[in-house]
Amino acid sequence: MTIQSAFANLTNALRPMYDMREAANIGHLLMEHITGLGKLDRIVHKDMDLPPQWESKYSEGLEQLLAGRPIQHITGKSWFYGMELIVNDQVLIPRPETEELVEWVLLDHPSQPALRLLDIGTGSGCIPIALKKHWPSADIWAMDVSPGALSVAGRNAQMQHTAINFVQQDVLDPKAAALLPCLNVIISNPPYIPEREKADMAVNVQHFEPSTALFVPDNDPLLFYRRIGQLAMERLDPGGKLYFEIHEDYGQEVKAELEKQRYLDVILKKDMFGKDRMVRASKA
């Protein structure tokens, strides 16, 4: 099997699961992971036969992909805001929509790099690490209930040479705020998918990403927004800002909840696909 035929076979096998563009992108990522060769080098050496160790990795990788395992879990890495990060089944794979949330925070504070900031439900650490790289003098904290997630986030922070204050804590615990300093900014991409939607989600999300980071009870989809709003009222300085990533169907509900909690200037923002995806609010 040559490099070229392996790639063609791989993308064809993935076509029932993904559209042509995504299948090709996954194919390129797996082939680079197996061979260590970039796309251009693979074109140059397209007629090169795969040695036995590459064929073995290829067969194993294809089998995992067909079982729904995300390519990021096979390669062990994902990209976010120009950074290569470690990912595994303990954390959500960073999404482009979350990059837009980071961008919004950065644009809102162009001349205030010495902020005190908290990310709640940090997962891989992608949000606080991206912000710390842009604001080296900021005092940045990151909270997660999962020790597995914090282990990954800590490795990513070390790999990106960023000093983050990590805290293992359940934000739903009423005592969570006591562990935190006064803050200028709180940001969170919390669980927000109702359990009833789980059956309709892709296999790679259902079975390979942590459910505690994704799902909320059907009867209380605003659970985390309400609680984080309460915590932010305790820890944000006057004029401090709260940022959320949200479920596209609950934008108005999140906005109304924050207004009920007496936040000011609550703004609902769409993502690149025109879906309600982010909310920003200010403490009086």
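Throughout the sequence shown, residue numbering follows the numbering used here, covering 94 to 377 in sequence.
The beta carbon of each residue, even a glycine, is placed where N, CA and C say it ideally should be.
All values derive from a computational prediction rather than experimental measurement.
Taking 8 Å as the cut-off, the beta carbon of F100 is found no closer than this to the beta carbon of G129.
In this chain, M365 is not harboured by any beta strand (DSSP E), its DSSP state being neither H nor E.
Residue range 232 to 237 is occupied by the beta strand (DSSP E) that includes A235. In the DSSP annotation of this structure, the continuous segment of the alpha helix (DSSP H) that includes S149 starts and ends at 145 to 159.
With respect to the 8 Å criterion, S304 and K334 are not classified as neighbours on the basis of their beta carbons. Restricted to the region 289 to 358, the alpha helix (DSSP H) segments that are unbroken, complete and at least 4 residues in length are 296 to 299, 316 to 328, 344 to 353, listed in chain order.
With contacts defined as CB atoms closer than 8 Å, A250 and V184 fail to qualify as a contacting pair. With 16 or more neighbouring CB atoms inside 10 Å of its own CB, E338 falls in the buried class. In terms of CA proximity to D182, E302 leads the group E302, Y343, L329, D369. Restricting attention to M141, K170, R319, the CA atom closest to the CA of L122 is found in K170. When secondary structure is reduced to three states using DSSP, K225 falls in the helix class. The three-state reading of DSSP puts T104 in helix, counting H, G and I together.
Between the region 142 to 158 and the region 208 to 216 there are fewer than three C-beta pairs closer than 8 Å, too few to call the two in contact.
H340 and I186 have their C-alpha atoms some 17 Å from each other.
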